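**Q** Following this message is one structure expressed as structure tokens.
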């Protein structure tokens with residue numbers, strides 16, 4: 001997909017147009033956020049505790065991933081590449097890259113005194129816009145770590161059926 005079409009589609013998604021919104025509506029958005037929060041708790045319990053303390057696991061706290069499609073957090077070129085992957089693979093890409101972002105920056109985030117969700121995403125944004133940020137490494141982490149293709153006993157990102165079941169169960173989660 002060329003840059004203009006991808007940018008227009010992402011702009012419509014960020015604006016909340018029901019035609020383009022990836023999760024369908026507010027109930028589905030809340031279910032996605034709850035499922036993502038549970039997945040973060042599964043992979044990174046300490047980071048999840050910090051995120052929950054500052055409100056980064058709420059529907060508003062996870063808006064940069066699920067409502068704004070990483071537009072407020074990552075450089076434009078990275079968002080376009082994630083969007084291309086999203087068009088091919090679906091919503092699981094959002095989970096993969098969300099977890100990869102948290103995995104990439106969790107050590108820096110734990111050392112900082114972060115007290116609210118805006119500061120949390122501001123720090124993620126500043127780290128993502130730093131010259132040392134490597135999208136290829138983030139992509140590798142998103143796919144190698146959470147596909148379980150590495151040797152050893154790493155935990156895998158749940159499969160589509162498990163995620164679909166978790167999303168269905170979390171549709172009743174209060175906003």
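Numbering (the UniProt record's numbering), first residue to last: 1 to 175.
We put the CB at the ideal spot given by N, CA and C, even for glycine.
Treat the numbers as computed from the prediction; the structure is a model and nothing was measured.
#1: Starting from residue 102, follow the alpha helix (DSSP H) in both directions and report where the run begins and ends.
#2: Hey, could you find the ends of the alpha helix (DSSP H) residue 118 is sitting in?
#3: Looking only at C-alpha atoms, which of 115, 81, 123, 100 sits nearest to residue 108?
#4: Give me the Cα-Cα distance between residue 75 and residue 119, rounded to the nearest whole angstrom.
#5: For the putative contact between residue 171 and residue 49, defined by C-beta atoms under 8 Å, what is the C-beta separation to the nearest angstrom?
#6: If you draw a straight line from the C-alpha of residue 4 to the C-alpha of residue 127, how long is it?
#7: Would DSSP call residue 44 helix, strand or coil?
#8: On the CB-based measure, 16 or more other CB atoms within 10 Å of its CB, does residue 150 come out buried or exposed?
#9: Going by the CB atoms, is the gap between residue 98 and residue 43 shorter than 8 Å?
#10: Return the residue from the list 116, 8, 94 that minimises the CA-CA distance to residue 160.
#11: To the nearest whole angstrom, what separates the beta carbons of residue 135 and residue 81, a pair I think is in contact under 8 Å?
#12: Can you grab the Cα-Cα spacing for the pair residue 69 / residue 166, in whole Å?
#13: Could you check what DSSP says for residue 36 in three-state terms: helix, strand or coil?
#14: What is the DSSP secondary structure of residue 79, reduced to helix, strand or coil?
#15: Using beta-carbon positions only, say whether residue 40 and residue 102 come within less than 8 Å of one another.
#16: According to DSSP, simplified to helix, strand and coil, what is residue 134?
#17: Buried or exposed: residue 112, going by 16 or more other Cβ atoms within 10 Å of its Cβ?
#18: Please classify residue 64 as buried or exposed, where buried requires at least 16 other C-beta atoms within 10 Å of its C-beta.
**A** Put simply:
#1: 92–111 is the span of the alpha helix (DSSP H), which, as asked, contains residue 102.
#2: 117–128
#3: 123
#4: 18 Å
#5: Rounded, the Cβ-Cβ distance is 25 Å, inconsistent with contact.
#6: The alpha-carbon of residue 4 is positioned some 26 Å away from that of residue 127.
#7: coil
#8: In this predicted model, residue 150 has a pLDDT of only 47, less than 50, meaning its place in the structure is not dependable; the value taken from the coordinates is given anyway. Per the 10 Å Cβ criterion, exposed.
#9: no
#10: 94
#11: 7 Å
#12: 21 Å
#13: In the three-state reduction of the DSSP assignment, residue 36 falls in the helix class, which pools H, G and I.
#14: helix
#15: yes
#16: coil
#17: exposed
#18: When all chains shown are included, residue 64 counts as buried.
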